[in-house]
Amino acid sequence: MTANQVQGPAIHVQGLEKSYKELEALRGVDFDVAPGSIFALLGSNGAGKTTVVKILSTLLKADAGTASVNGFDVATQSADVRESISLTGQFAAVDEILSGRENLVLVARLRHLKDPGTIADGLLERFALTDAGARRVSTYSGGMRRRLDIAMSLIGNPQVIFLDEPTTGLDPQGRIEVWQAVKELAGHGTTVLLTTQYLDEAEQLADRIAILHEGRIIVNGTLTELKQLLPPAKVEYVEKQPTLEDVFLAIVGGSGQGGSADADSNNDTDK
Amino acid sequence: MTTRFFGDTAVLTGRSLRHITRSLDTIITTAITPIAMMLLFVYVFGGAIVSGSDSYVNYLLPGILIITIASGISYTAFRLFLDMKSGIFERFQSMPIARSSVLWAHVLTSLVANLISVVVVVLVALLMGFRSGAGVLVWLAVAGILILFTLALTWIAVIPGLTAKSADGASAFSYPLIFLPFISSAFVPTDTMPGPVRAFAENQPVTFIVNAIRDLFTQQPVGTDIWIALAWCVGILIVAYTFAMVTYRRWIA
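First to last, the protein sequences are chains A and B.
FYI, the numbering for the first sequence is 0 to 270, going by numbering that gives the first Met the number 0.
FYI, the numbering for the second sequence is 0 to 252, going by numbering that gives the first Met the number 0.
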């Protein structure tokens, strides 16, 4: 059932083009993503990031070019592609009326897995949602919702996960929680394609970064490689002030570096 | 693939039925307007209406049931719209499931929700003095017509559900459908209406469906009305299903 074929890159995109009527969203996009790595597609709003993700997750057909995921062509082997992937869209795609646990059970059932209840409980535990598991999702904070969203995407251990702007609209706390979850994913050997408009997010998470601008990839490389594109660093002495984010996190009790995943239990109770 | 279709549809139907049991207000609001109309027409206008029937509530109920379904399906469009907007529709479409089961789950849920509303309205009608000597088979025939009618309207509701830009837009399409029974034989006999109105009223589907159900309830011979009613239902069903599928495919492409 599960598609276990990977030779070469986990994601291979070549000459991808897509227009919406007059608007050319993608004008020839090429990139490869190595298995088990985190790849960030960086770009401003309207750069075409979501279009790429939709084509790769078989929700949209490309006008030209080829794309394959886990060795399967997205146009001709879309069913195999869907066996290999999980999509976490731009807005946390969770069922508000169901509880967190019911959401997880639902996805496990749809993936035809045995023992959906155990899978759900395991993921609630892993994403520090056990206490909130029985509550309706409509009572969750933004960060909890996103964590549930990502937890739903992990069910069935897909080889490739797409995260479309996973931290847009989250508070700093929620952002750190999501970063933590994504790092953990890659640690388990999952390939992650992440889109973001936040530079520090790409810097924090990605093994490789590609910048998508007006429908084209204009740069693609590791963080070190990207930094070498600019003139070498000068040494200057600057007093390092704490950023407002540091201050905020220090006051509300989340640790900026480690990012404790259970920090929400004391901060989300105000709902 | 087919076993997967039925399994996935069952799981997803379970999900949206849970939405209904957790927001029973949708069932109540669906039933409350037709019930209010029934009260109004029976106890306020009814005395002055010459329907040619011994009891006006007996005359009125078939049309009220049509209105119940016509207003109930707007919630189907609304629920589908919410799924589209929240992104959970995309999530389901990107999963290894039988893709069309997502739509079928909404359709089956619509059927269940509307049948519950219809039962509530019938119970109120019984309290108001509705009586029929019809046996089980006749009731089953009435249920069959209403199920077919619900399915036809539900597939119409899928179209705005998939394409609407706002929640209001998703449910607004049902207003003309709710209005249609007024220009039919549902409330008053058509023979007092002026020429063009009468011509419309006597040839639009609601009249045939209402007449067929009324004849079944009063145990009159149903004649050709029932076949024309069924033909309308099946016809609307096929056209609406086709358009809904085209809309859905365009969304994927």
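We put the CB at the ideal spot given by N, CA and C, even for glycine.
Asked, Found
"Any chain B beta carbon closer than 9 Å to E21(A)", "no"
"Where F30(A) meets chain B, residues with beta-carbon distance less than 7 Å", "Per Cβ cutoff of 7 Å: no residues; F30(A) is ~20 Å from chain B at best."
"Span separating the alpha-carbon of Y19(A) from that of D62(A)", "10 Å"
"Residues, ordered as in the chain, of the segment 93-124 of chain B that lie near chain A by beta-carbon distance below 7 Å", "S93, M94, P95, I96"
"Alpha-carbon to alpha-carbon, L179(B) and M127(B)", "24 Å"
"Selection from V137(B), T67(B), A151(B) that minimises the alpha carbon distance to V119(B)", "T67(B)"
"Beta-carbon spacing of I177(B), L64(B) below 9 Å", "no"
"Contacting residues, own chain, Cβ-Cβ under 6 Å from R174(A) (five flanking each side not counted)", "T166"
"K17(A) - DSSP class collapsed to helix/strand/coil", "strand"
"Inter-residue Cα distance where the pair is F148(B) and C232(B)", "6 Å"
"Nearest-angstrom Cα separation, counted from A169(B) out to V218(A)", "42 Å"
"I251(B) burial status per 10 Å Cβ neighbour count (16 or more: buried)", "exposed"
"Rounded separation between G6(B) and R110(A) - CA only", "11 Å"
"Limits of the unbroken alpha helix (DSSP H) element including L59(B)", "55-85"
"Burial state of A2(A) (16 or more Cβ within 10 Å)", "Legend: pLDDT at A2(A) = 49, less than 50; position of this residue unreliable, value from coordinates given subsequently. So A2(A) ends up on the buried side."
"Per-residue DSSP class, three states only, for T268(A)", "Model confidence at T268(A) stands at a pLDDT of 40, short of 50, so the residue's coordinates are unreliable; what they give is reported in the following sentence. Note: T268(A) maps to coil in three-state DSSP."
"Same chain only: Cβ atoms within 6 Å of A150(A), ignoring 5 sequence neighbours per side", "L122, F126"
"Other residues of its chain near V136(A): CB distance less than 8 Å, five sequence neighbours each side excluded", "V93, D94, E95, I96, L97, S98, G99, N102, R144, L147"
"Assigned secondary structure, R185(B) (DSSP; H/G/I helix, E/B strand, else coil)", "At residue 185(B) the sequence reads Ala, which differs from the Arg that was named. A185(B) falls in the coil class under three-state DSSP."
"Any 3 or more C-beta pairs closer than 8 Å across the segment 132-140 of chain B and the segment 156-176 of chain B", "no"
"N- and C-terminal bounds of the alpha helix (DSSP H) containing T246(B)", "224-251"
"Any chain A beta carbon closer than 9 Å to V10(B)", "yes"
"Interface residues of chain B facing R110(A) [CB-CB closer than 9 Å]", "M94, P95, I96"
"Beta-carbon proximity of N57(B) to T217(B), cut-off 9 Å", "yes"
"Residues of the segment 21-38 of chain B with Cβ closer than 8 Å to any Cβ of chain A, in chain order", "R21, S22"
"Between the CA atoms of F242(B) and L236(B) - distance to the nearest angstrom", "10 Å"
"Interface partners of E82(A) on chain B, CB under 7 Å", "P95"
"Local Cβ density within 10 Å of T223(B), reported as buried at 16 or more and exposed below that", "exposed"
"Classification of L125(B) by the beta-carbon crowding that lies within 10 angstroms, buried from 16 upward", "exposed"
"Given 8 Å, three or more beta-carbon pairs between the segment 101-115 of chain B and the segment 111-118 of chain A", "no"
"Cβ-Cβ distance between L193(A) and A39(A) below 9 Å", "yes"
"Whole-Å CB distance - L41(A) paired with L211(A), under 8 Å assumed", "7 Å"
"Beta carbon proximity, I255(B) to chain A, threshold 9 Å", "This structure gives no information on residue 255(B), because the portion of chain B shown stretches from 0 to 252."
"Contact set between the segment 24-56 of chain A and chain B, restricted to residues whose Cβ is under 7 Å from the partner", "S56"
"With 16 other Cβ atoms within 10 Å as the buried cut-off, status of A39(B)", "Looking at the sequence itself, residue 39(B) is Leu, so the reference to Ala does not match. Under this definition L39(B) is an exposed residue."
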